[in-house]
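Residue numbers (our numbering): 1081 to 1253.
The C-beta atom is built at its ideal place from N, Cα and C for all residues, glycine as well.
Data block below; observations after.
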Amino acid sequence: MQTYRADLLEIADELTDAYVEVFTAPPFAHRDPAETRAAFRQRLEGDVRRVGFQAWIERSDGGRIAGFVTGWTTPAPFRTDRSYGSVLKRLGAEQVDELLVGAFEIDELGVLAHARGTGLGRRLLGAATAEHPRAWLLAWNQNHDTLAFYRNLGWLEPPVHGPETDIIVFLAP
1081 MQTYRADLLE IADELTDAYV EVFTAPPFAH RDPAETRAAF RQRLEGDVRR VGFQAWIERS
1141 DGGRIAGFVT GWTTPAPFRT DRSYGSVLKR LGAEQVDELL VGAFEIDELG VLAHARGTGL
1201 GRRLLGAATA EHPRAWLLAW NQNHDTLAFY RNLGWLEPPV HGPETDIIVF LAP
């Protein structure tokens, strides 16, 4: 498994291809591959510049990306763009400050179809959280296999105080 920081951009095209393969397959088949590609690539360009950004990539024997995880330390003030506004409403500002700000945020975790069932997702999460005593991530509430995976690994859902959304917050065990 290789660790990256800003140097991740050296393999950005390859990582973008892997991301699109994961996040346009079921249950994400409703996503347009071209739009997904453009949006991820644009986000990636900015994400690598975040304070505390890290990425881990594991390759299959043939050298192809088999899985990846990216993340960074969640800054204060807590953002409200993308899904962050929903997280703030769902958990409340006090819990967000206590549980998420300053913790390592798993932004993307993907395991390609050819590598599923090998323990790679568990290894990637382990690598990403090994140096961080607190970590968290978001999952889409319709991605049932992924929700079961996180729960099986002992990731916990904090108490919610606000309206239900299509995202679920998980805290590292």
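As a quick exercise: from F1103, F1108, F1120, pick the residue whose alpha carbon is nearest that of A1092.
The count along the sequence shown starts at 1 and reaches residue 1092 at position 12. Nearest of F1103, F1108, F1120 to A1092, Cα basis: F1120.
For D1246, count the other beta carbons within 10 Å of its own beta carbon; 16 or more makes it buried, fewer makes it exposed. Which is it?
The residue labelled residue 1246 in the question sits at position 166 within the sequence shown. Counting Cβ neighbours within 10 Å, D1246 comes out exposed, since fewer than 16 surround it.
Please look up how many angstroms separate the CB atoms of E1188 and Y1084, rounded, as I've assumed it's under 8 angstroms.
The sequence position of residue 1188 within the sequence shown is 108, counting from 1. The sequence position of residue 1084 within the sequence shown is 4, counting from 1. In this structure E1188 does not touch Y1084 by the C-beta definition: roughly 13 angstroms separates them, more than the 8 angstroms allowed.
May I have a chain-ordered list of the alpha helix (DSSP H) segments no shorter than 4 residues that lie completely inside the stretch 1085-1118?
1092-1103
Quick check on this structure: which residue in A1135, V1102, F1103, F1108 has the alpha carbon closest to the alpha carbon of L1089?
One-based indexing of the sequence shown puts residue 1089 at position 9. Minimum Cα distance to L1089 is reached at A1135.
Give me the Cβ distance between P1238 and L1251, rounded to the nearest whole Å; I'm assuming they're in contact under 8 angstroms.
Numbered from its first residue, the sequence shown carries residue 1238 at position 158. Numbered from its first residue, the sequence shown carries residue 1251 at position 171. Between L1251 and P1238 the Cβ distance is about 6 angstroms, and since that is below 8 angstroms, they are a contact.
Could you name the residues of the same chain whose beta carbon sits closer than 8 angstroms to that of E1244, not counting the 5 residues immediately before and after it, in chain order?
Translated into positions along the sequence shown, residue 1244 becomes position 164. For E1244, where only same-chain residues beyond five positions count, the Cβ hits under 8 angstroms are R1170.
Specify the secondary structure class of T1198 as computed by DSSP and reduced to three states.
Residue numbering aside, residue 1198 sits at position 118 when the sequence shown is read from its first letter. In the structure shown, T1198 sits in coil (DSSP, three-state: anything other than H, G, I, E or B).
Cβ neighbours of L1218 in the same chain (closer than 8 angstroms, five flanking residues each side left out)
Residue mapping note: residue 1218 aligns to position 138 of the sequence shown, counting from 1. If we look at L1218 and ignore the five residues flanking it on each side, its Cβ neighbours are S1163, V1167, I1247, I1248, V1249, F1250.
Identify the residues that DSSP records as bridge partners of R1139: which are they?
Your numbering for residue 1139 matches position 59 in the sequence shown. DSSP, once it has assigned bridges, lists I1145 as partnering R1139.
Go through its chain and collect everything with a Cβ distance to L1204's Cβ below 8 angstroms, but skip five positions before and after it.
As a position in the sequence shown, residue 1204 is number 124, starting the count at 1. Taken in chain order, the residues that qualify are M1081, W1136, E1138, G1147, F1148, V1149, L1189, V1191.
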